[in-house]
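Sequence lines, in order, name chains A and Y. The numbering used here applies: residue 8 is where the first sequence begins, and numbers increase by one. The numbering used here applies: residue 1215 is where the second sequence begins, and numbers increase by one.
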Amino acid sequence: MTAVHPPLRRAVQVRAREWGWRHAGRKAFAARQVDLGIAPGERVLLLGASGAGKSTLLHALAGVLGTSDEGEQEGDLLLDGVPPAAARGRAGLVLQDPETQVVLARVGDEVAFAAENLAVPREEIWRRVGRALDDVGLDLPLDHPTTALSGGQKQRLALAAVLAMEPGLLLLDEPTANLDPAGVLEVRDAVVRVLERTGATLVVVEHRVAVWADVVDRVIVLDAGGGILADGPPGTVLVQEQTRSRLAEAGVWVPGRQPAVGGTLPTDAGGEGLLSARSLSVARSRRGRAVVEDLSLTVSAGQALSITGPNGAGKSTAALTIGGLLRPRAGTLEASALLAGAAGPDPFRWRSAHLVQRIGTVFQEPEHQFLTATVGEELAFGPRQVGAPDSPRIAELAERLRLTHLLGANPFTLSGGEKRRLSVATMLATAPRLLILDEPTFGQDALTWAELVTLLRELVREGVAVLSVTHDTDFIRALGGATLHIADGAGRLVSR
Amino acid sequence: MSTDYLTPVLTGRTLLRANPVSKLFAAVVITLALMASIDWVSAAVALTCELALMPLLGISVIGLARRIWPLLVAALIGAYGTALLAEKTGGVLLDVGPFLFTEGSVAAGIAVGLRGLPLALPGIFILLTTDPTDLADALAQKLRLPSRFVLGALASLRLVGLLVEQWDSLGLARHARGVGSDGSALARTRNLLGQSFGLIVQAIRRATRLATAMEARGFGAGTRTWARESTYSLLDAGIAVVGLLVAVGAVTAAVLAGTWNFILG
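As structure tokens, this is what we get:
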């Protein structure tokens, strides 16, 4: 496995001069006035506020921003002196979502794909496949199905897939944002191993700075208003108080600095019971396997409860079942009179309009829950469904979650943080007593994170029960309350 | 629940090793022979040969019937409909009110009903014994179909499997927002349309992201090589010959029996 491999082709040099890009149909430039040079072999962490153009720059370096039909470029962006589109195979891009990058059915074919596209001879392709899988530490048969991989394995596969091109420039777009803590380290360590062997240039975009601070030798911060906010070694940029506070203002997760959260830590004194589960078994589908069994717990008004556990343990399935969306496989789930009102004790049997007034479930992917064409309609949708179209809550929520200036915008065009705030606001519009959130802080910048925590704290104090599926220990600590740890098919309540 | 069309459960060890092109060839000649005439002899001969080849599939007749029962039902309905409506020639077999069956119309019905199965079986043979990735390799390397098209279709096959799963979670997400499958027929129809639209939006977004990932890996840059070589072996020659024999045998038997009924003649 650990044969000595020859170094790859030479690392790439990056040069941007007054570079900018405006997506077709948008008024504002996604990135502008970018002036920078990156030397071959340099390892760069690219930071900036949401919407500062980090991903746009990364996609431009990968040569996938498209032609002049898809946007307007100004200035120059060059890899070793040529435009990225003319340097195919020199830059390898790994994207955020492990699920949307898999092309083929078998692990070996997936890695071979990029080399095939670059017309590498057959024998050489398979040599590269073996080496790339070795590099990322995926010790799997070549015909292993790509569907049977964990999130961390899928990201390492995506990394191997671009390594087969033997790129001189590795581009990582929030590669660990969707992973559990074990997956994050898995991917980070694989990247470090690859860089040590290949000496390739690295540009990585990531909100969570701490993961990469020790790996990179330079930090570049893009300014949301165009240009560059800070540029230097991590020991300077991340340490100097002036840049630290500017980074924090931009929503970057600065190591050693917790975002300022409002409100007070909720006390553990839960109020009246809302929902109780007895010996509950949960399964994703009617015929599917039960993923968690014999779960018993009570959710009370004004309680914060976090569900933790490794990826794939059944946390989301448990949350969806408690939220009345999935039919319990076995056991009972019973709503108290306080929660149920006139709707009966079994949440799974509630009609949609009844459910939305009692339990709000915020899905991991905000886009799955958007139903209308504007933010304003989206907020008004729930109240109209339950026959209270002029709810004053709507304006209040929009104000509180900083959505007022976006009321006319299409929900799908919002930034990640804005989408998350909107998805939470739509659920709160019908004032449910129980709010369930699935990974609410995945991939969020520090500002959105702090806003979310502040809001949830207030809700708990007002008597709303907040149940969150999360890996985020800071989030759990900030909300307080009990933790339900789910692993190996069973849930265990951990009191704090 | 997701259906994985890219890695289906395949059967038939021998046919699995064959090149998809030879299987396609055999299927096409049999289909052409059966489409050339509507008579029961050629259909019966082809069906008999195909059933005799069943051991190659590696599943039992009952197992096959369980997978293709809708086809059997369709064949029966087709036979009944034809017998009822075809030209009424020959002696009367049954005459009850509007239901009139004659020797000629029943023969036509049997011919149509019998035809469905031998026409469908070659396709089933291919589906059950062919890996989609192998098929793509063969289509691009042996039949010289454009690689962009073939690989695009292969990649999208995975997304098709994900649609089932997406539909389910979209339904849950909408229920959570207060739009469910309850209420009047009109409300239900509107909900169904809304959910379908949501599925289309998501499918497009997903496909766009996959296209970006593929482009970032050099897809569509120009000429490409193939990591897996698509090859022919003696087995493929055998499959082609068997396919030809079945086709020729069916036609010859029908001509000799005097039932040959060329559709263009």
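Beta carbons: idealized from backbone N, C-alpha and C, even for Gly.
query: Hey, quick one: how far does the alpha helix (DSSP H) through glycine 73 of chain A stretch, first residue to last?; result: Per DSSP, glycine 73 of chain A belongs to no alpha helix (DSSP H) and is neither H nor E.
query: For valine 1326 of chain Y and isoleucine 1252 of chain Y, which I take to be in contact (beta-carbon distance under 8 Å), what is that distance rounded to the nearest angstrom?; result: 7 Å
query: May I ask you to list the residues that DSSP assigns as paired with alanine 38 of chain A?; result: A:Trp28
query: Enumerated in chain order, which unbroken segments of the beta strand (DSSP E) with a length of 3 residues or greater are wholly contained in the region 320-386 of chain A?; result: 337-342 and 366-369
query: Check for me: the alpha helix (DSSP H) holding aspartate 301 of chain A runs from which residue to which?; result: It is not in any alpha helix (DSSP H) - aspartate 301 of chain A instead sits in the beta strand (DSSP E) that spans 297-307.
query: Can you tell me whether alanine 337 of chain A is buried or exposed, with buried defined as 16 or more other CB within 10 angstroms of its CB?; result: exposed
query: Tell me the DSSP secondary structure of glutamate 79 of chain A in three-state form.; result: strand
query: Should tryptophan 26 of chain A and glycine 82 of chain A be called a contact, given that it needs their Cβ atoms to be closer than 8 Å?; result: yes
query: Is the region 119-127 of chain A close to the region 1433-1449 of chain Y, with three or more CB pairs under 8 Å?; result: yes
query: Taking one C-beta from the region 75-94 of chain A and one from the region 1406-1414 of chain Y each time, how about it: are there three or more such pairs within less than 8 Å?; result: no
query: Report yes or no: do the region 1222-1231 of chain Y and the region 1298-1318 of chain Y share at least 3 C-beta pairs separated by less than 8 Å?; result: no
query: So, do the region 455-462 of chain A and the region 262-280 of chain A have three or more beta carbon pairs nearer to each other than 8 Å?; result: yes
query: What does glycine 1323 of chain Y pair with, by DSSP beta-bridge criteria?; result: In DSSP, glycine 1323 of chain Y forms no bridge with anything.
query: How far does the beta strand (DSSP E) with serine 283 of chain A in it extend, from its first residue to its last?; result: 280-290
query: Per DSSP, which one or two residues make a beta bridge with alanine 237 of chain A?; result: A:Val228
query: Could you check whether leucine 486 of chain A and valine 473 of chain A sit closer than 8 Å to each other, using their CB atoms as the reference points?; result: yes
query: At least one CB of chain Y closer than 8 Å to the CB of threonine 74 of chain A: is that the case?; result: no
query: To which residues does DSSP link alanine 472 of chain A through a beta bridge?; result: A:Leu441
query: Mind checking who threonine 490 of chain A pairs with in its DSSP beta bridge?; result: A:Ser313 and A:Val501
query: Could you tell me whether any Cβ in chain A is nearer than 8 Å to the Cβ of glycine 1457 of chain Y?; result: no
query: Taking only three categories from DSSP, how would you classify serine 1251 of chain Y?; result: strand
query: With a CB to CB cut of under 7 Å and the five nearest residues on each side skipped, what residues in its chain are close to phenylalanine 377 of chain A?; result: Glu385, Pro418 and Phe419
query: Give the straight-line distance between the Cα atoms of proline 317 of chain A and valine 259 of chain A, rounded to the nearest whole angstrom.; result: 26 Å
query: Judging by CA-CA distance, which residue of Y:Glu1443, Y:Leu1400, Y:Leu1333 and Y:Thr1439 is the nearest neighbour of cysteine 1263 of chain Y?; result: Y:Leu1333
query: Would you please state the rounded distance, in angstroms, between the beta carbons of arginine 95 of chain A and glycine 70 of chain A? I believe it to be under 8 Å.; result: 6 Å
query: Could you confirm whether any beta carbon from chain A is found closer than 8 Å to the beta carbon of serine 1383 of chain Y?; result: yes
query: Is it buried or exposed, arginine 293 of chain A, if we count other Cβ atoms within 10 angstroms and call 16 or more buried?; result: exposed
query: Check whether the Cβ of arginine 1362 of chain Y lies closer than 8 Å to any Cβ atom in chain A.; result: no
query: Does DSSP put arginine 22 of chain A in a helix, a strand or coil?; result: strand
query: Here's the rule I'm using: 16 or more other beta-carbon atoms within 10 Å means buried, otherwise exposed. How should arginine 1281 of chain Y be labelled?; result: exposed
query: For the beta strand (DSSP E) containing glycine 99 of chain A, list its first residue and its last residue.; result: 98-101
query: Determine which residues of the region 79-113 of chain A have a Cβ less than 9 Å from any Cβ of chain Y, and write them out in chain order.; result: Arg95, Gly96, Ala98, Gly99, Leu100, Val101, Leu102, Asp104, Glu106, Thr107, Gln108, Val109, Val110, Leu111, Ala112 and Arg113
query: Report the residue ranges of all alpha helix (DSSP H) runs contained in full by the region 137-217 of chain A; include only those spanning at least 4 residues, in chain order.; result: 158-170 and 188-205
query: Which of the three DSSP states is assigned to leucine 463 of chain A in this structure?; result: helix
query: Out of curiosity, what's the CA-to-CA distance linking methionine 1215 of chain Y and glycine 1375 of chain Y?; result: For methionine 1215 of chain Y, the pLDDT reaches just 38, beneath the cut-off of 50, and the residue's location in the model is therefore unreliable, although a value from the coordinates is still provided. Straight-line Cα distance between these residues: approximately 9 Å.
query: Please list the terminal residues of the continuous alpha helix (DSSP H) segment that includes phenylalanine 1363 of chain Y.; result: 1361-1390
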